[in-house]
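Visitor: The structure's right below; bear with me while I get my questions together.
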Amino acid sequence: MTFTKTPDTHRPVRLLHLLFALLALVCATPSTLGAASGSAVQSRVRGNVRIANDFPGADLGAKINAADNALGAAVGEVWVKNGGTITTQVVINSGHRLRFFAGVYKIETELFSEGAILLKSRTEVTGPGWDTIIVEPPKTGWIVFQSYEDARSQPVHSGADTDIRITNLQIRGANPAVEGGVRQTLALGNCRRCHIEGVWLNKTGVIGVQAGGNASKGNFADTVTIRKNLFTSVASQAAAVVNGRNVIIDENTFRDSGRAGANMGMTAIDLEPNDSSDIIQNIKITNNVIDSRRSGFLHGNGILVQNGARTLRFGPVLVRGNTVIGGNLTNAETGNIASGIYITGSTQDVEVVNNVVRRVGHSGIRLENSTRNYVHGNTLVSTGSGGILSFEIINTTDSRIFDNVVTIDPGSLAATKVIQEMGTSQGNTYRGNTDGNTALSPITLGKSKILPR
-5 MTFTKTPDTH RPVRLLHLLF ALLALVCATP STLGAASGSA VQSRVRGNVR IANDFPGADL
55 GAKINAADNA LGAAVGEVWV KNGGTITTQV VINSGHRLRF FAGVYKIETE LFSEGAILLK
115 SRTEVTGPGW DTIIVEPPKT GWIVFQSYED ARSQPVHSGA DTDIRITNLQ IRGANPAVEG
175 GVRQTLALGN CRRCHIEGVW LNKTGVIGVQ AGGNASKGNF ADTVTIRKNL FTSVASQAAA
235 VVNGRNVIID ENTFRDSGRA GANMGMTAID LEPNDSSDII QNIKITNNVI DSRRSGFLHG
295 NGILVQNGAR TLRFGPVLVR GNTVIGGNLT NAETGNIASG IYITGSTQDV EVVNNVVRRV
355 GHSGIRLENS TRNYVHGNTL VSTGSGGILS FEIINTTDSR IFDNVVTIDP GSLAATKVIQ
415 EMGTSQGNTY RGNTDGNTAL SPITLGKSKI LPR
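For the sequence shown, position 119 matches number 113 in our numbering, and the numbering has no gaps at all.
Set out below in structure tokens:
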């Protein structure tokens, strides 16, 4: 018997269904795969994003660590939402971005010498703006963010990380105690290609941001940018460089510097090597506004460039286009800033150009124990009081002081309009300096000279 084979008209349809199923499997994202294995996985996995809030952990810090570890070696983000308390120290691994959403995040790690959040190389912390509030520890410790190698290298602070960014969030003070000159809220250490932008440091209790760490292994901060940040009532130095090259401090605003009540001395911007092996080279301090009218006490200097450690690798340094305001232009006050711009302590090759200094208690500009400086086009308004003159050149050599204006506002007469050279100063040249109308020649001129205009 002969059988005739009936064509399988359904086979092309079945093959097409199989093809679609295979294609869906190949193209499935971690999110869609997670949906098949349970809604809990789906909620915490979004492509290359891990939602920290949905991971297990005793506190938000532990949840962040779990989410970060879940990313593994892949590039990705950890999202943190709706505020919370971080008790467990956080470590963010390379290639990961920690993204805080709006909310109040309280740090309660109680770590005295390490940061609450440690950042390895090629990491970023960011938020949508200043409604993302990270609160410093209320009792023990102050360090919020720290580069991993700065914390864990031996000797401590001698290691180096690279490519760390912290942007667009607020860090609010909570510890009633203050500390000067040791710890920092943002401790970059010997970080290279690191960037701080859009951060508000609000009433924090230690140094604000510091570039540079221990130089014992030959490391230093390099290519660091601190830009467009707001510093209000920071208790110690707000922006500091202790061991760095190619550092830019640009377009920041410093308000109400110092913490009233503690009355601890501080400087808004401070360049200060700690050891003779440190480096301070190619540092640019530009376009910043330092306004201490509401500080409440004489807290220290506006911009301080010093080299008490006598490192030989110092300079050049550029101080350009900054505005320093110590107080209101009234006869009732002399300002809350000592010297507006102070260059001292075996410094060299510092350029101070086109800055405005107004109503500071001591000198608007002071050069002391320094050499090879260029001071040009600055305007000093109602500076100098209490026997300290508005523009002082002390034990300084081979510097050029050109085209500066030293004047007194009629509403703020407790001031001077004097350029004075003193001590062992020699080899300096002066040209075109005025009080706005009349030429100003330095008094007590030693072995320096005045050039014709």
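Every residue gets a Cβ at the ideal spot worked out from N, C-alpha and C, and that includes glycine.
1) Could you have a look at ASN59 and say whether DSSP puts it in helix, strand or coil?
2) So is ASP269 buried or exposed if we call it buried at 16+ other beta carbons inside 10 Å?
3) Measure the C-alpha to C-alpha separation of LEU112 and SER271 and round it to an integer number of angstroms.
4) What residues in its chain sit with their C-beta under 6 Å from that of PHE248, if we drop five residues either side in the sequence?
5) How many whole angstroms separate the CB atoms of SER364 and GLN342, which I take to be in contact at a CB cut-off of 8 Å?
6) Could you please give me the residues that DSSP links to GLY183 through a beta bridge?
7) Exposed or buried, which one is PHE214 when buried takes at least 16 other CB atoms within 10 Å?
8) Taking the runs of the alpha helix (DSSP H) that are 4 residues or longer, which of them lie wholly in the segment 43 to 88?
9) Within its chain, find whatever has a CB closer than 6 Å to the CB of GLY315; leave out the 5 residues flanking it on each side and keep chain order.
10) Taking just the CA atoms, how far does ASN76 sit from GLN36?
11) On the criterion of 16 or more Cβ atoms from any shown chain inside 10 Å, does ALA332 qualify as buried, or is it exposed?
12) So, are the CB atoms of ARG425 and ILE413 less than 8 Å apart?
13) At what residues does the alpha helix (DSSP H) containing ARG353 begin and finish?
14) Determine the direct distance from the alpha carbon of ARG447 to that of ALA154, and round the result to whole angstroms.
15) Which residues in the same chain have their Cβ closer than 7 Å to the Cβ of ASN169, if we skip the five residues on either side of it in sequence?
16) Go ahead and pull the three-state DSSP assignment for GLU143.
17) Consult DSSP for HIS151 and reduce its assignment to one of helix, strand or coil.
18) Check each candidate in PRO404, ALA110, GLY121, ASN162 and name the one with the smallest Cα separation from GLN140.
19) Spell out the partners DSSP gives GLU386 in its beta bridges.
20) Name the residue from THR81, ARG221, VAL72 whose alpha carbon lies nearest to the alpha carbon of ILE243.
21) Would you grab the beta carbon distance between ASN422 and ILE387 for me? Rounded to a whole angstrom, and I think it's under 8 Å.
22) Within 10 Å of its beta-carbon, does GLU362 have 16 or more other beta-carbons around it, so buried, or fewer, so exposed?
23) State buried or exposed for LEU383, treating a residue as buried only when at least 16 other CB atoms are found within 10 Å of its CB.
24) Report the three-state DSSP secondary structure of ARG166 (helix, strand or coil).
25) Kindly examine the ligand MN and report whether one of its heavy atoms sits closer than 7 Å to the Cβ of ILE101.
26) With DSSP run on the structure shown, which of helix, strand or coil describes LYS211?
27) Under the rule that 16 or more other beta-carbon atoms within 10 Å means buried, what is PHE106, buried or exposed?
28) Helix, strand or coil: which one does DSSP assign to GLN342?
29) Can you tell which of VAL203, ASN431, GLN164, SER227 has its C-alpha closest to the C-alpha of ALA96?
30) Are GLY294 and GLY334 closer than 8 Å when you measure CB to CB?
31) Taking 6 Å as the limit between beta carbons, can you name the residues of its chain near ASN42, skipping five residues before and five after?
32) CB PRO149 to CB ASN208, shorter than 8 Å?
33) What's the call for GLU108, buried or exposed, on a 16-neighbour Cβ count within 10 Å?
34) Quick one: is ALA30 buried, meaning 16 or more other Cβ sit within 10 Å of its Cβ, or exposed?
35) What are the boundary residues of the beta strand (DSSP E) that includes ARG249?
Guide: This is what the structure gives:
1) Numbered from its first residue, the sequence shown carries residue 59 at position 65. Helix at ASN59.
2) On the sequence shown, residue 269 is found 275 positions in, with the first residue counted as 1. Exposed.
3) Walking along the sequence shown from the start, residue 112 turns up at place 118. Walking along the sequence shown from the start, residue 271 turns up at place 277. If I take the Cα positions, the gap works out to 26 Å.
4) Against the sequence shown, residue 248 aligns to sequence position 254. PHE225, ALA232, ALA262, ILE284, listed in sequence order.
5) Numbered from its first residue, the sequence shown carries residue 364 at position 370. Numbered from its first residue, the sequence shown carries residue 342 at position 348. About 7 Å; that satisfies the 8 Å criterion.
6) Position 189 of the sequence shown holds residue 183. BP columns for GLY183 point to ALA205.
7) Stepping through the sequence shown from its first residue, residue 214 is reached at position 220. Buried: at least 16 other Cβ atoms inside 10 Å.
8) 54 to 65
9) Mapped onto the sequence shown, residue 315 falls at position 321. Same-chain partners within the cutoff: THR280, ASN281, ASN348.
10) In the sequence shown, counting from the first residue as 1, residue 36 sits at position 42. In the sequence shown, counting from the first residue as 1, residue 76 sits at position 82. Low confidence applies here, because GLN36 scores a pLDDT of 39, under 50, leaving its location unreliable; read the following figure in that light. The straight-line gap from Cα to Cα measures roughly 19 Å.
11) Against the sequence shown, residue 332 aligns to sequence position 338. By the 10 Å Cβ count, ALA332 comes out buried.
12) Along the sequence shown, one-based indexing puts residue 425 at 431. Along the sequence shown, one-based indexing puts residue 413 at 419. Their beta carbons are not under 8 Å apart, which means ARG425 does not touch ILE413 by this criterion.
13) The residue you call residue 353 lines up with position 359 of the sequence shown. No alpha helix (DSSP H) contains ARG353, which DSSP labels as neither H nor E.
14) Position 160 of the sequence shown holds residue 154. Position 453 of the sequence shown holds residue 447. So the two alpha carbons sit approximately 49 Å from each other.
15) Here residue 169 corresponds to residue number 175 of the sequence shown, with the count starting at 1. These residues qualify, in order along the chain: GLU130, PRO131, PRO132, LYS133, TRP136, GLY199.
16) As a working note, residue 143 is residue 149 in the sequence shown. Helix, per DSSP.
17) Within the sequence shown, the letter at position 157 stands for residue 151. Note: HIS151 maps to coil in three-state DSSP.
18) By 1-based counting over the sequence shown, the position of residue 140 is 146. Taking only the C-alpha atoms, the option nearest GLN140 is ALA110.
19) Here residue 386 corresponds to residue number 392 of the sequence shown, with the count starting at 1. According to DSSP, GLU386 bridges with ARG360, GLN414.
20) What you label residue 243 is simply residue 249 of the sequence shown in a count that begins at 1. Nearest of THR81, ARG221, VAL72 to ILE243, Cα basis: ARG221.
21) On the sequence shown, position 428 is the one that residue 422 refers to. On the sequence shown, position 393 is the one that residue 387 refers to. Yes, they are in contact, since the Cβ atoms of ASN422 and ILE387 sit about 6 Å apart, within 8 Å.
22) Stepping through the sequence shown from its first residue, residue 362 is reached at position 368. Classification of GLU362: buried, given that the 10 Å Cβ count is 16 or more.
23) On the sequence shown, residue 383 is found 389 positions in, with the first residue counted as 1. By the neighbour-count rule (16 or more Cβ atoms within 10 Å), LEU383 is buried.
24) Translated into the one-based positions of the sequence shown, residue 166 becomes position 172. Looking at ARG166 - three-state DSSP - the assignment turns out to be strand.
25) The ligand MN is absent from the structure shown, which contains no ligand whatsoever.
26) Walking along the sequence shown from the start, residue 211 turns up at place 217. Reduced to three states, the DSSP call for LYS211 is coil.
27) Within the sequence shown, numbered from 1, the residue matching residue 106 stands at position 112. That one is exposed.
28) Numbered from its first residue, the sequence shown carries residue 342 at position 348. Looking at GLN342 - three-state DSSP - the assignment turns out to be strand.
29) Residue 96 sits at position 102 when you count from the first residue of the sequence shown. Measuring from the Cα of ALA96, the nearest candidate turns out to be GLN164.
30) As a working note, residue 294 is residue 300 in the sequence shown. As a working note, residue 334 is residue 340 in the sequence shown. Not a contact, by the Cβ cut-off of 8 Å.
31) Numbered from 1 along the sequence shown, position 48 holds the residue referred to as residue 42. Excluding residues within five positions, the ones whose Cβ falls inside 6 Å are GLY70.
32) By one-based count along the sequence shown, residue 149 stands at place 155. By one-based count along the sequence shown, residue 208 stands at place 214. Their beta carbons are under 8 Å apart, which means PRO149 touches ASN208 by this criterion.
33) Position 114 of the sequence shown, counting from 1, holds the residue named residue 108. Result: buried.
34) Sequence index remark: in the sequence shown, residue 30 carries index 36 (1-based). Low per-residue confidence applies at ALA30: pLDDT is 31, beneath 50, and the placement is therefore not dependable, though the value from the model is reported in the following sentence. Counting Cβ neighbours within 10 Å, ALA30 comes out exposed, since fewer than 16 surround it.
35) Walking along the sequence shown from the start, residue 249 turns up at place 255. Start and end: 247 to 249.
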